[in-house]
Each structure stands twice: as C-alpha cells, then as structure tokens.
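Participant:
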Amino acid sequence: MAKPIVSMINVEKWYGRNHVIKNCNLNIMEGEFLTLLGPSGCGKTTTLRMISGFELPTSGIIRVEGESVEKKEPYERDVNTVFQNYALFPNMNVFDNVAYGLKVKKVPKDEIAERVDKMLKLVQLDGFGKRRINQMSGGQKQRVAIARALINRPKVLLLDEPLGALDLKLRKQMQIELKRLQRKLGITFVYVTHDQEEALTMSDRIAVINEGVIDQIDVPQKIYNHPATRFVAGFIGESNILDAVVLGKNDTGIQVGTEAGNAIGVSDDETIETGDAVSIAVRPEDTLFSKERQPGFSIRGVVKDHVFVGNLVKMMVILNDGTEFKINRFNEDDMIEPGQVIYLYWEKEKGKVLKTRSLVNTDSHRDIKGGDEDEEEGYAAEA
Amino acid sequence: MKKKDMQPKPKARRDKKTAKARLASIVMNGPITIWSILFIIVPVIILAVMSFMSKGPLGIVVYKPTLENYRNIFSSMYFNVIKESLIIAFWTTVLTILIGYPFAAIMAKMKAKTSSLFMILLMIPMWVSGLVIIYSFVILFNQSGILNTILMKIGLISKPLNMLYNHFSVTVGMLYMFMPFSVLPMYSSIEKLDPALIEASKDLGAGPVRTFFKVQLPLTAPGIFAAVLLTFIPCIGYYMVTDMLGGGTNMMIGNLIYRQFTISRNWPFGAALAMVLAIVILLMVWIYKKVGGNLDDLG
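Protein chains in written order, with our numbering: chain A, 1 to 383; chain B, 1001 to 1299.
(1) Which word fits Glu347(A), buried or exposed, when buried means at least 16 other C-beta atoms lie within 10 angstroms of its C-beta?
(2) Can you tell me whether Ile1139(B) is buried or exposed? The criterion is at least 16 other CB atoms within 10 Å of its CB, across all chains shown.
(3) Can Thr1300(B) and Ser1182(B) be called in contact, C-beta distance under 8 Å?
(4) CA-CA distance, Asp203(A) and Val317(A)?
(5) Is Arg49(A) near Ser7(A), with beta carbons less than 8 Å apart?
(6) Check Glu177(A) in the structure and name its three-state DSSP category.
(7) How is Asn262(A) classed by DSSP in three states: helix, strand or coil?
(8) Would you kindly report the start and end of the unbroken alpha helix (DSSP H) that includes Gly1130(B)?
(9) Under 8 Å by Cβ, that's how I've got Val278(A) and Lys169(A) pegged, so tell me the actual separation to the nearest angstrom.
(10) Less than 8 Å between the beta carbons of Asp160(A) and Phe235(A), yes or no?
(11) Below 8 Å on the Cβ atoms is my contact criterion, and I expect Met1177(B) with Gly1130(B) to pass it. Report the Cβ-Cβ distance as a whole number of Å.
(12) Quick one: which chain B residues come within Cβ less than 8 Å of Asn152(A)?
(13) Distance, Cα to Cα, Phe330(A) vs Thr287(A)?
(14) Fully enclosed by the segment 1126-1210 of chain B, which alpha helix (DSSP H) runs are 4 residues long or longer?
(15) Going by the C-beta, is Glu177(A) closer than 7 Å to any heavy atom of the ligand ZN?
(16) Name the two residues that bound the continuous beta strand (DSSP E) containing Thr466(A).
(17) With respect to the beta strand (DSSP E) encompassing Asp305(A), which residues constitute its N-terminal and C-terminal limits?
(18) Does the beta carbon of Asn85(A) come closer than 8 Å to any beta carbon on chain B?
(19) Taking the DSSP output, what are the residues bridged to Leu24(A)?
(20) Please confirm if Lys105(A) has its CB atom under 8 Å from at least one CB of chain B.
(21) Within the same chain, show all residues whose beta-carbon is closer than 6 Å to that of Arg77(A), passing over the 5 residues directly before and after it, in chain order.
(22) Val1291(B) versus chain A: which residues are under 8 Å apart at the beta carbon?
(23) Suppose the cutoff is 8 Å on Cβ atoms and the five residues either side in sequence are ignored; what does the same chain contact list for Val313(A) look like?
(24) Could you tell me if Asn361(A) is buried or exposed, where buried requires 16 or more neighbouring beta carbons within 10 angstroms of its beta carbon?
(25) Would you say Pro1222(B) lies against chain A (beta-carbon separation less than 8 Å)?
(26) Check whether the Cβ atoms of Ala228(A) and Asp215(A) lie closer than 8 Å to each other.
(27) Report buried or exposed for Asn1357(B), applying the criterion of at least 16 other Cβ atoms within 10 angstroms of its Cβ.
(28) Do Ser1051(B) and Met1275(B) count as a contact pair if the criterion is CB distance below 8 Å?
(29) List, in chain order, every chain A residue whose beta-carbon is nearer than 9 Å to that of Leu1219(B).
(30) Which first and last residues belong to the beta strand (DSSP E) in which Thr35(A) is found?
(31) Comparing alpha-carbon positions, which option in Pro338(A), Leu344(A), Gln340(A) and Val309(A) lies nearest Phe325(A)?
(32) Just confirm the distance between the C-beta atoms of Ala281(A) and Ala233(A), as a whole number of angstroms; I'd bet it's less than 8 Å.
(33) What does Ser52(A) touch in chain B if you count any residue whose Cβ is under 7 Å from its own?
(34) Alpha carbon to alpha carbon, how far is Leu247(A) from Gln340(A)? Give it in angstroms, no decimals.
(35) Measure how close the beta-carbons of Ile223(A) and Val213(A) come, nearest whole angstrom, since I'm counting them as under 8 Å.
(36) Identify whether Ser290(A) lies in helix, strand or coil by the three-state DSSP scheme.
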C-alpha cells in the first residue's frame, strides 16, 4: 500500500477533565477511503477536527505529508472539510460558494470560472451556478459542499457525517456517488459516520472508535468477520456476545465456559491463555441448533418466539442463565415452535473469542492497539 | 341520502368553532386595539392636523389652515438645528456601532453565564434614570471634575480640559445612553450566526480578516442595520443629553420640539417639526424593510 498521507502519533485530547482521545496512533494512506466509525460521543469527530485544525491536540504529533501541522491554523492546512450541515455561505450563490477557496488563493478569474464549471459538472450541478443556496434541495446543497471542498485539490478531504441530514434513498445514492468521486479523483477521503452500513459499503478501511480509543482498524471484511474486541463485535452488525472463561486451548480451537454452558471458538489473539476472562461472539446467522447435544457444546435454551421479517426469520432463544440469544434463518421451515428445548452450536470458526478489555487500565489499550497496527500491514497485503 | 344527512353536522360544528375563535380574538385583541387607537393613532392625527393650523396669541391654536409652519422649518435657523442633530445622531450611531460590534461579538463567544452577566451590565443604563446618568457625566467632565483632577494629578495636562458643553460631552453622553440599543440587535444576529460558516471559510484557506469581511459581516448586517435604526432614530429626538451636556449650544430637533410646546408656546410649529421627524423615521424604517430587514428585530 501507498505511503501514509496523514499520521497521528500519540495524540491525546482532553476537554477539561474529559479524556476524549486516548493515545491515538493512526496512519491514513494516500488515496484511501478511511472511515472513522463509532457511536456518538466516541471521539470520531474530534479526531477529524484535529486533522482539519479546528481542535488542537493536547499532546502528540499530526503530520500531513510528513509535515507537522498540529499547531497550524485551519487556513494553513492543505485539507478541506465537508461539514455536517453543509455550512454553505447563504450570502453567496452556488458559483461564489464553490469559487471561494480559489478566490482566496488569488487564482486568475478565467481559471476560476473554468474550474468551477468543471467541478459543478463533476458533481452533476451543471448550470446551477447562479442559484442561491436557499433555492437548493438538501442533496444539491450536499453536492455544492463537496464541490466547494474538492475544487481546492486538497491532499485529504474530511467528511463529517455528510449524509446525516438526507433521507435514506438519497443517502444511498450519495454514498455511491461519493465513492465514484473518490475513485475518479484519487483523493484521500476521511469519512466520519456512526452508520455501520455506510462504513461497510464505502470504505477501503474502517477505524472503529470506542470511548476515544481506536479498537480496530482494518478492511471492512476483516472488521465484520474478525472483530478484535467485544465492542467491535457488538457494534458492527448483530452479534450474540456471552461472557466466558477459557477452559482449554488446542488445535481444534478454544474451549470456553459460559454461564449457560460450554462452547468452542477461535481467536486471532495468540495471547489468550487458559483461565482468561473472555467474551465469545457469534452472529445470529452463523448459529446452528439441534435437538441433541453436539460435541464441545452444552449451551441449551428454550425457543421464545420467531418473527418473519421479509428476507429472513428471526428466532429468539432464552438460555439457561436467562440471556436472550438471537438466531437468523433464511427459510421459515427451519424454525422450531416456541417452548421447545434446543442445543446451540456453531462451526468453531464462527465463534470469536475476544479478550475482555478492562476500561480502567490504559496500558492494555496500548497493547491491543500496538498489536492491531502490526497486523494491519498483513491484512492490507491480504486484501 | 345518508351522506347528505351527515354533511351539515360537521359544518355546523365548524361554525360554532369559528364563532368561539372570533370571540376569543376580540377579547384578546380588543384592549390593545382600543389602546393603540386612543394613545397612538388619535394623537398622531391631532398632531398632523395641528401642524397645518396657525398660532394665536398666548400660544392658543387658531384653527386657520396654513403652510407657514412647514415653510418655517426650512428657514436657515431651524434647518441648521435639523442638520446639527442629524450630524450628532450620525456620529453617535457610527461610534456605537464601531464600539458595540466588537463588544457584541465578544459577548456572543462567551459562555452563557458570563455573557448574561455582561448583558446585565449593559442593561443598567436602561434601568437607571437618564437624568441621574447625565448628571454623573456633568460631575465627571467638569472643569474641576473627577477626570480633569486625575489627569492633572498624573501630570498629563497642566490646564483643565474643556470637556463639558461641547460636541464631545454630547457624543459621549449619547453613546452611553444608546449603547444597549446598539449592542442587543447586533448580539442577537452574531449569536445566531452558525459557527460552522466561520470554520468553513477558514477551512477554505481564508484568514481571519477575509473571513470577517466576506462571511461574518455580510451575514450579521441585518443586526447592524437594526442597531443603526435603534440608535439613530431615538438619537435625533433625544433632548435630555443635549440639554444638560450640550449647555444649550447644541440643539437637537428634540430640544426644538420640546421648546415649541413648553417655552415658545408655538404648538402648531412644534407639531410640524414632529411630523417631519416622524416622516424621516418612517422613511428609514421603510428603507430597512426594503433591504430585507426583519421588523421584529427592532423590538
């Protein structure tokens, strides 16, 4: 993969007593579409604003193309932002909004006209130059905001939940269009969202952020199929997550014991030892069941009910310890009537054994993240 | 058949509702309407009629139509007063805007707690009697007043400065009286400005100066214009400051009108002056609305 265009090294951010970004180390590669994904308040927007310069890190280094920028003003940085609510200047028309950055740079007038026209064509707003901002629809405003940022040929384009205000259909359409633009222009996109589906469809890589810590950074398939932490497993897609203790480890997998019974899983984490407190995560669609106990598994539950939701059937099982367990099937005939007792099992590769992260000990965060970064290269090569 | 039977019922109910709403609207709007007619519209009509009447002996209004009053206004002596008051009002307005805008901008950036404290400080001149404030300025600016004493003590000046009864004292007094009217509308428009717009400008490479003139100033212009109106208009008619800090050397239209009704006992002429002032003010409000101002912002 290409060289990093943005590097964040040991970046910390405190708001008074709130530690919002905890030792962030992040390399954004040239030309990639990176998504910062996490629930609201996790620090993803703060990370973005530190790259754009609207927030200064409490400590640490931020480099853009090798040059330290962490103390520079936003107008001195070669990055541009697409804001959440577009932030278009209502006192100017579409043309003047898009031309703003070029006028600041004192680009000759006819070149401005030419470049603005080209840019408006690129975002499919040909001929809208004279329109006032309040005459534009939400989707059109979004395009103007993207054009206004892209016309400056930034090294990195930062997008702060740019599609949040659009309706679902328009959002899907803009997702495809943004991806198209990014491929066409080859500009690095850093995209902030809390919508996991959006992240999975658009990104080259996703950084999942949880309480100011990057839990995992990887390609979408790896994030989905190999979550590194319990948080990632729970946040991306649906997962059944059970607290467990490692009972033993051998070539066939890791045997764990939960309150509801024993199970088998695998882990990417080699440091897991017998006796460790872990979580085991299984996707509802990966969960199998039968009337008889399967070797290595002893989780038993009672079927509560099942619901038909169109493309699949969801079944809810209550385990011995009272936990609710979700199972998805594509065929209604596979379902079992409520009240029946079943045994749950899965192919051992589908059960992800994850180390339970203690939230108090920051050192362990560093360990986990250090590991991630090493692996990252390997994943990138694989992908 | 059934449908036909059903239809009149909801209609009747709707009529009842409108009757109820109408009654409510009369009860709610009645008093304010009567009040406005009695104390605003009728007096203005009386004033307008009176401005075309002539003055009798001992200040009695003689009901004989004439244009004499309006002709008098444009005689050089009175016209000078109008010119003078417009100049003072102009400078007061310019200075209140220049001082008030940064003040409002700083206040808009403060935390809610601090900004409300400053708001109270700003409001104090509005709550204290103008007379008291103006007297304190007399004490401050006197030849042997506080300011002169301090300046002489620290040796900045050797002779007391003439600070009272001139343009300086009038402007300072006016400035003090009208600052709240100027800051409040500007504060509200600066506070409403989306900070993301300022960020967007900086993000696109514009420094603070360019951002101010290209984004902040145009977008807060309605607030500035409201501030201009709220300072300029009352300033022209305000006579207390000029009376006491101007020492009678500076006369404003307000003083002139006041004297016509009290000392000179020439009510028709006073009425004509008041009408001219009212027309000037209406003209300005009309311009304000034309350039896209919101009348609600004027309070």
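Built from N, CA and C at the ideal position, the CB exists for glycine as well.
Predicted, not measured: the structure shown is a model, and the values here were computed from it.
Facilitator: On the basis of the coordinates in this document:
(1) One-based indexing of the first sequence puts residue 347(A) at position 347. Glu347(A) should be labelled exposed.
(2) The sequence position of residue 1139(B) within the second sequence is 139, counting from 1. By the 10 Å Cβ count, Ile1139(B) comes out exposed.
(3) Outside the displayed span of chain B (1001 to 1299) sits residue 1300(B), for which this structure offers no information.
(4) Position 203 of the first sequence, counted from the first residue, corresponds to residue 203(A). Position 317 of the first sequence, counted from the first residue, corresponds to residue 317(A). Reading off the sequence, residue 203(A) comes out as Ser, not Asp. The straight-line gap from Cα to Cα measures roughly 34 Å.
(5) For the purposes of this step, residue 49(A) is taken as the residue at position 49 of the first sequence. For the purposes of this step, residue 7(A) is taken as the residue at position 7 of the first sequence. No.
(6) If you number the first sequence from 1, residue 177(A) lands on position 177. If DSSP states are grouped into helix, strand and coil, Glu177(A) belongs with the helices.
(7) As a working note, residue 262(A) is residue 262 in the first sequence. DSSP places Asn262(A) in strand when its eight states are reduced to three.
(8) Numbered from 1 along the second sequence, position 130 holds the residue referred to as residue 1130(B). Its alpha helix (DSSP H) spans residues Gly1130 to Phe1141.
(9) Residue mapping note: residue 278(A) aligns to position 278 of the first sequence, counting from 1. Residue mapping note: residue 169(A) aligns to position 169 of the first sequence, counting from 1. Between Lys169(A) and Val278(A) the Cβ distance is about 42 Å, and since that is not below 8 Å, they are no contact.
(10) Reading the first sequence from its first residue, position 160 is the one you call residue 160(A). Reading the first sequence from its first residue, position 235 is the one you call residue 235(A). Taking the C-beta atoms as reference points, Phe235(A) is found no nearer than 8 Å to Asp160(A).
(11) Translated into positions along the second sequence, residue 1177(B) becomes position 177. Translated into positions along the second sequence, residue 1130(B) becomes position 130. That pair is a contact at about 6 Å.
(12) The residue you call residue 152(A) lines up with position 152 of the first sequence. Correct list: Leu1204 and Gly1205.
(13) By one-based count along the first sequence, residue 330(A) stands at place 330. By one-based count along the first sequence, residue 287(A) stands at place 287. Between Phe330(A) and Thr287(A), the C-alpha separation is close to 12 Å.
(14) Unbroken alpha helix (DSSP H) stretches of 4 residues or longer found wholly inside the segment 1126-1210 of chain B: 1130-1141, 1146-1153, 1167-1192 and 1195-1203, given in chain order.
(15) Looking for the ligand ZN in the displayed structure turns up nothing, as the structure carries no ligands at all.
(16) Summary: the structure shown does not reach residue 466(A), with chain A confined to residues 1 through 383, and so no result is reported for it.
(17) As a working note, residue 305(A) is residue 305 in the first sequence. In the DSSP annotation of this structure, the continuous segment of the beta strand (DSSP E) that includes Asp305(A) starts and ends at Ile299 to Phe308.
(18) In the first sequence, residue 85(A) corresponds to position 85, counting from 1. So, interface residue.
(19) Counted from its first residue, the first sequence places residue 24(A) at position 24. Correcting the residue identity first, residue 24(A) is Cys in this sequence and not Leu. BP columns for Cys24(A) point to Val11(A).
(20) By 1-based counting over the first sequence, the position of residue 105(A) is 105. The Cβ of Lys105(A) sits closer than 8 Å to at least one Cβ of chain B.
(21) To locate residue 77(A), count along the first sequence from 1; it is residue 77. Excluding residues within five positions, the ones whose Cβ falls inside 6 Å are Gly53 and Val69.
(22) For the purposes of this step, residue 1291(B) is taken as the residue at position 291 of the second sequence. The premise fails here: Val1291(B) is roughly 13 Å from chain A at the closest Cβ pair, so nothing lies under 8 Å.
(23) Within the first sequence, residue 313(A) is the residue found at index 313, counting from 1. Cβ-Cβ distances below 8 Å link Val313(A) to His306, Val307, Asn328, Arg329, Phe330, Asn331, Glu332, Asp334 and Met335 in the same chain, with the five nearest sequence neighbours on each side left out; the list follows chain order.
(24) As a working mapping, residue 361(A) is identified with position 361 in the first sequence. Residue confidence is low: Asn361(A) scores 37 on pLDDT, short of 50, so the model does not pin down where it sits. No coordinate-derived value is stated.
(25) Translated into the one-based positions of the second sequence, residue 1222(B) becomes position 222. No, Pro1222(B) does not count as interfacial toward chain A.
(26) Position 228 of the first sequence, counting from 1, holds the residue named residue 228(A). Position 215 of the first sequence, counting from 1, holds the residue named residue 215(A). Yes.
(27) The requested residue 1357(B) is not part of the displayed model; chain B covers only 1001 to 1299.
(28) Position 275 of the second sequence, counting from 1, holds the residue named residue 1275(B). Position 51 of the second sequence, counting from 1, holds the residue named residue 1051(B). Yes, the pair counts as a contact, with Cβ atoms nearer than the cut-off.
(29) Here residue 1219(B) is taken as the residue at index 219 of the second sequence, counted from 1. Those are Phe89, Pro90 and Asn91, listed as they occur along chain A.
(30) Here residue 35(A) corresponds to residue number 35 of the first sequence, with the count starting at 1. Here the beta strand (DSSP E) through Thr35(A) covers Phe33 to Leu37.
(31) Locating residue 325(A) in the first sequence gives position 325, counting from the first residue. Of Pro338(A), Leu344(A), Gln340(A) and Val309(A), the residue nearest in Cα terms is Leu344(A).
(32) Taking the first residue of the first sequence as 1, we reach residue 281(A) at position 281. Taking the first residue of the first sequence as 1, we reach residue 233(A) at position 233. Their Cβ separation, rounded to whole angstroms, is 4 Å, which keeps Ala281(A) and Ala233(A) in contact under 8 Å.
(33) By one-based count along the first sequence, residue 52(A) stands at place 52. The CB of Ser52(A) comes closer than 7 Å to the CB of Asp1203 in chain B, given here in chain order.
(34) If you number the first sequence from 1, residue 340(A) lands on position 340. If you number the first sequence from 1, residue 247(A) lands on position 247. Separation of Gln340(A) and Leu247(A) (C-alpha to C-alpha, rounded to the nearest whole angstrom) is 29 Å.
(35) Within the first sequence, numbered from 1, the residue matching residue 223(A) stands at position 223. Within the first sequence, numbered from 1, the residue matching residue 213(A) stands at position 213. So it is not a contact: roughly 15 Å between Cβ atoms.
(36) One-based indexing of the first sequence puts residue 290(A) at position 290. In this structure, Ser290(A) counts as strand in the three-state DSSP scheme.
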